[in-house]
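Below is one structure, written out as structure tokens; the observations come after it.
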Ligand SMILES: [Zn+2]
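In this note's numbering, the protein residues as written are 755 to 1068.
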């Protein structure tokens, strides 16, 4: 499948014939009047901002008239969204973009995505979702296919008012190794860290390891054993011939850095962020941004491709 840009005619076709207001998620419609809307009309950025709509029908009218290139809403709620006055909380959001993954098992060039790295982005998002529910007790969240990756949007009341979000980000991505004494606790953060370590390490190839050839060969040859040892809580999981404490330390720091980059941190910590609205078109790649009802069966190449792509002749 080619991820080609949508033409003006295709955008019009999409908003006139395919888009349906019932595809706008309930978590948006519930408080639609409190969100800021932002539009990119020509692919040059979100220059039409600070719009508000009292109802989804008024928003539908706007879409049919303008068939914009891209549509975002704020993740935050305001008494007066037009002026972004009186902030009333914001969803907690995790943005995992397949094109930005530092480590992937495919050979995509920078900025590109394929079926394989989209699947790996999905695997990351599912692991973060499990941690949010299992460890942090989150109850209300939605998964969204963003067009080139996934958004995880949490809207529990307790979460909306949080202003500092970087600790949560560090926790769910496992981007700081636990102290040695607690590294193998069966639950809590150490378990999250081990799970995320494995998720990243198992995808690593030669180019992902900035060490000399001997160390790289060693780590890659022993990869399955290292993974099995850490999963079995064996404290000697990194005891390899020719790899001293200094290299071990550098390797663990390297994994920490990669895990910290799994999620676009700027999106999570910014409580006034705008984010692509599910149901609308990601025109740059001609895919729909959609709320995912059943992640197990979700296939972006089937469920997020607008009809006009199948009708293309070239
Ligand atoms: Zn790829």
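The beta carbon of each residue, even a glycine, is placed where N, CA and C say it ideally should be.
Cβ pair residue i, residue j closer than 8 Å
i: residue 827; j: residue 1029; result: yes
i: residue 901; j: residue 778; result: no
i: residue 952; j: residue 981; result: yes
i: residue 857; j: residue 1007; result: no
i: residue 897; j: residue 1049; result: yes
i: residue 965; j: residue 1001; result: yes
i: residue 1064; j: residue 768; result: no
i: residue 1060; j: residue 772; result: yes
i: residue 899; j: residue 1058; result: yes
i: residue 845; j: residue 907; result: yes
i: residue 904; j: residue 928; result: no
i: residue 1086; j: residue 969; result: As displayed, the chain neither begins before 755 nor continues past 1068, which places residue 1086 out of reach and without an answer.
i: residue 882; j: residue 926; result: yes
i: residue 1044; j: residue 923; result: no
i: residue 843; j: residue 915; result: yes
i: residue 821; j: residue 765; result: yes
i: residue 976; j: residue 994; result: yes
i: residue 838; j: residue 790; result: yes
i: residue 855; j: residue 871; result: yes
For residue i, the residue or residues it bridges with in DSSP
i: residue 841; result: 832
i: residue 826; result: 792 and 1030
i: residue 905; result: 849 and 898
i: residue 1046; result: 897
i: residue 1041; result: 1036
i: residue 1068; result: Residue 1068 is not bridged to any residue.
i: residue 802; result: 793
Any C-beta of chain C under 8 Å from that of residue i
i: residue 931; result: No chain C is part of this structure, which consists of one protein chain only.
For residue j and residue i, believed in contact at Cβ under 8 Å, the rounded distance
i: residue 824; j: residue 1037; result: 6 Å
i: residue 874; j: residue 957; result: 7 Å
i: residue 1042; j: residue 830; result: Actually they are not in contact, since the Cβ atoms of residue 1042 and residue 830 sit about 24 Å apart, beyond 8 Å.
i: residue 792; j: residue 1035; result: About 15 Å separates the two Cβ atoms, so there is no contact after all.
i: residue 818; j: residue 775; result: Not a contact, Cβ separation roughly 10 Å.
i: residue 930; j: residue 910; result: About 24 Å separates the two Cβ atoms, so there is no contact after all.
i: residue 1023; j: residue 920; result: 6 Å
Specify whether the region 938 to 949 and the region 983 to 992 touch according to this definition: at least 3 beta carbon pairs, one from each stretch, less than 8 Å apart.
Here the region 938 to 949 makes contact with the region 983 to 992; the two share three or more CB pairs at distances below 8 Å.
Evaluate contact between the region 797 to 807 and the region 821 to 835, counting only Cβ atoms and requiring at least three cross-stretch pairs below 8 Å.
yes
Check whether the region 850 to 857 touches the region 875 to 886, taking contact to mean three or more Cβ pairs, one atom from each stretch, closer than 8 Å.
yes
Write down every uninterrupted run of the alpha helix (DSSP H) in the region 952 to 1001 whose length is 4 residues or greater and which is fully enclosed by it, in chain order.
967 to 975 and 977 to 985
Chain-ordered list of residues that sit, by beta carbon, closer than 7 Å to a heavy atom of ligand 2:
Among the ligands present in this structure, namely ligand 1, ligand 2 is not found.
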